[in-house]
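Remarks on the structure that follows.
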Amino acid sequence: LRDAARLSLPALARQAGDLVERARTGRLTAADTSGAAVTVSNAGMHNVAYMTPIITPGQAMILGVGSVREVFRPDAHGQPELRRELGLVLACDHRLLDGVSGLRFLNRVVHYLERPLQLVLGA
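FYI, the numbering for the sequence shown is 4 to 126, going by my numbering.
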């Protein structure tokens, strides 16, 4: 997605939908898949909890996304509670940015995954 930080959520969804459709129909161009700073690699559809993605040369980071799993975790009182978890693994090229910047990015991703209405409402 080009200029993702400047686009609204509906505009991002349109751009992503267009790219997905072109990928499914074999119409992606080299320009569509080059020049990225960050890649998101989705392994969730293959029922993989976690993956260790490999950074494409020239990119700053790659985020590996696993599948959503239902697991029992202790609640505030130590009692088992069924929760949904998503495996995320971020790999950064430390020649381009430091690990703290990568962690800030990952924390922001987690923040919005846990609070999706903030994306929709622009909060």
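The C-beta atom is built at its ideal place from N, Cα and C for all residues, glycine as well.
Fair warning: this is a prediction, and the values are worked out from it, not measured in the lab.
Item to complete: Could you name the residues of the same chain whose beta carbon sits closer than 6 Å to that of residue 99, not counting the 5 residues immediately before and after it, in chain order?
Response: 63
Fill in: Member of 85, 104, 59 and 106 whose CA lies at the smallest distance from the CA of residue 157
Limits of the chain in this structure are 4 at one end and 126 at the other, which puts residue 157 out of reach.
Practice prompt. Following the continuous alpha helix (DSSP H) through residue 104, name the residue where it begins and the one where it ends.
Written response: 102-117
Item to complete: Could you tell me how far apart the beta carbons of residue 53 and residue 90 are, in whole angstroms, since I believe they sit closer than 8 Å?
Response: 4 Å
Practice prompt. Use the C-beta contact count for residue 23: other C-beta atoms within 10 angstroms, 16 or more gives buried, fewer gives exposed.
Written response: exposed
Worksheet item: According to DSSP, is residue 81 helix, strand or coil?
Response: coil
Practice prompt. Classify residue 94 as helix, strand or coil using the three-state DSSP reduction.
Written response: strand
Item to complete: Would you kindly report the start and end of the unbroken alpha helix (DSSP H) that includes residue 23?
Response: 12-27
Item to complete: Could you spell out where the beta strand (DSSP E) holding residue 41 opens and where it closes?
Response: 41-45
Fill in: Whole-angstrom distance between residue 32 and residue 82, CA atom to CA atom
52 Å
Fill in: Cβ neighbour criterion (16 or more within 10 Å) applied to residue 29
exposed
Worksheet item: Taking Cβ to Cβ, would you say residue 69 is nearer than 7 Å to residue 47?
Response: yes
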